[in-house]
Each structure stands twice: as C-alpha cells, then as structure tokens.
Amino acid sequence: MTQLVLVAAQGRNRELGAGNQLLWHIPEDLAHFKALTLGKPVLMGRKTWESLPPRFRPLPGRRNLVLTRGGAIEGAEVVRSLDEALGLLGDAPELCIIGGAEVYALALPRAQRIELTEVDAEFPQADCHFPALGPEWLAAPADWQGQTLRWRFRSYRQN
Numbered sequence: 000m001t002q003l004v005l006v007a008a009q010g011r012n013r014e015l016g017a018g019n020q021l022l023w024h025i026p027e028d029l030a031h032f033k034a035l036t037l038g039k040p041v042l043m044g045r046k047t048w049e050s051l052p053p054r055f056r057p058l059p060g061r062r063n064l065v066l067t068r069g070g071a072i073e074g075a076e077v078v079r080s081l082d083e084a085l086g087l088l089g090d091a092p093e094l095c096i097i098g099g100a101e102v103y104a105l106a107l108p109r110a111q112r113i114e115l116t117e118v119d120a121e122f123p124q125a126d127c128h129f130p131a132l133g134p135e136w137l138a139a140p141a142d143w144q145g146q147t148l149r150w151r152f153r154s155y156r157q158n
C-alpha cells in the first residue's frame with residue numbers, strides 16, 4: 000500500500016505562502032525538499048504547479064501528478080481525486096503530497112507521515128495555511144538551524 004507523506008514548510012502560525020509564493024528563501028529547505036521527493040511521485044494542486052518556476056515544471060526526477068478539475072497540463076499527469084492518483088501509482092511505496100493548502104487538508108486524514116520544515120517567524124501576509132495537526136501526530140525532536148531566520152526539519156508520525 001502506498002504511504003502518503005506530506006512534505007511542507009510552515010511559519011509559526013502554520014503559514015504556507017502568500018500570492019501563490021513561498022514566504023521565505025531557505026536554500027537548505029529546498030535541498031531537504033529535493034532529498035525527500037527525488038525519485039518519488041509527487042502530488043500537488045494546480046496553483047502549486049503554477050507557482051513552480053517554469054524551468055522546474057515538471058519537477059525533475061519525479062512523477063508529477065496535479066490534482067485539478069481543469070484540463071490537461073503539459074508535463075504533468077492530471078488527476079481528479081486522491082484515489083485516482085493512488086490508483087495510478089500501483090505499488091509505489093510513497094506518494095509525496097507537496098501542496099497547496101487544500102491538497103494538504105484533503106490528504107492529512109489518510110497520511111502516515113509528515114515531513115515539516117518549521118520556520119521560526121510569523122508571516123501576517125500569508126493567505127494559505129497548513130492544516131492544524133491533532134494530538135494523534137507526534138513529532139521527533141529536532142534542533143533549530145540558521146542565524147537570522149531559524150528553522151528545523153521535523154518528522155511527524157501518527158500515534
């Protein structure tokens with residue numbers, strides 16, 4: 000059975016982005032994202048797809064699935080539901096859910112793991128947020144990194 004792994008970065012108040020863009024630039028987080036997702040299928044919403052710089056569409060080295068009600072998207076496989084995406088994957092061990100907020104909320108109840116970059120800052124301009132995690136999600140300890148902008152990589156698993 001394919002495991003659902005949510006891969007995200009959020010601010011102190013669960014902020015994901017504003018105006019279809021990230022709120023910070025942390026090169027180490029981009030490298031972490033690549034390490035977590037390379038060679039695996041990724042599922043994202045149409046807005047997340049459109050937010051990727053054109054030179055990274057599709058994300059190289061990954062099977063790109065886009066969840067949308069719209070039509071075909073060059074470079075990606077369009078799916079209409081999470082179940083359709085899972086059906087296309089056969090026996091793939093993982094499906095990485097990479098955004099946006101609506102897709103995270105849809106996948107969270109069925110996820111087995113969350114790989115979350117926590118950014119230690121507030122971003123009041125944010126217009127989308129990661130879903131709140133319930134008490135069933137337990138985080139592994141992680142040290143803060145960075146100087147002017149601190150962050151940490153945390154893995155969450157269901158209790």
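The sequence shown begins at 0 in numbering that gives the first Met the number 0 and counts up one residue at a time. We put the CB at the ideal spot given by N, CA and C, even for glycine.
Cβ of E93 within 8 Å of Cβ of Q2?
-> In the sequence shown, the residue the question calls residue 93 occupies position 94. In the sequence shown, the residue the question calls residue 2 occupies position 3. Taking 8 Å as the Cβ cut-off, E93 and Q2 qualify as a contacting pair.
Contacting residues, own chain, Cβ-Cβ under 7 Å from A120 (five flanking each side not counted) = Working through the sequence shown from its first residue, we reach residue 120 at position 121. Closer than 7 Å at Cβ, skipping near neighbours: G10, R11, L148.
Compute the beta-carbon to beta-carbon distance between Y103 and P130, rounded to the nearest angstrom, for a pair I have assumed lies under 8 Å.
-> Translated into the one-based positions of the sequence shown, residue 103 becomes position 104. Translated into the one-based positions of the sequence shown, residue 130 becomes position 131. Indeed, because the Cβ distance is near 6 Å, the residues count as touching under 8 Å.
Would you say R56 and P40 are within 8 Å of each other, going by their C-beta atoms?
-> The sequence position of residue 56 within the sequence shown is 57, counting from 1. The sequence position of residue 40 within the sequence shown is 41, counting from 1. No. Outside cutoff.
In angstroms, rounded to a whole number, what distance separates the CA positions of E101 and C127?
-> Position 102 of the sequence shown, counted from the start, is the residue given in the question as residue 101. Position 128 of the sequence shown, counted from the start, is the residue given in the question as residue 127. Whole-angstrom Cα-Cα distance: 9 Å.
On the premise that A7 lies in contact with G69, defined as a C-beta separation below 8 Å, what is that separation, rounded to the nearest angstrom?
-> As a first step, residue 69 is located in the sequence shown; it is residue number 70 there, counting from the start. As a first step, residue 7 is located in the sequence shown; it is residue number 8 there, counting from the start. With 8 Å as the limit, G69 and A7 do not qualify as a contact, their Cβ atoms being about 23 Å apart.
Name, in chain order, the residues that DSSP records as bridge partners for R109.
-> The residue labelled residue 109 in the question sits at position 110 within the sequence shown. Paired residue(s): none; R109 is not in a bridge.
Please confirm whether A91 and L5 have their CB atoms less than 8 Å apart.
-> As a position in the sequence shown, residue 91 is number 92, starting the count at 1. As a position in the sequence shown, residue 5 is number 6, starting the count at 1. For A91 and L5, no; Cβs fall outside 8 Å.
Of all the options M43, I113, T47, L58, which has the alpha carbon lying nearest to the alpha carbon of S80?
-> Position 81 of the sequence shown, counted from the first residue, corresponds to residue 80. Distances from the CA of S80 to each of M43, I113, T47, L58 were compared; the closest alpha carbon is that of M43.
Assuming L51 and L58 make a contact with CB atoms under 8 Å, what is their CB distance in whole Å?
-> In the sequence shown, counting from the first residue as 1, residue 51 sits at position 52. In the sequence shown, counting from the first residue as 1, residue 58 sits at position 59. Confirmed, about 7 Å.
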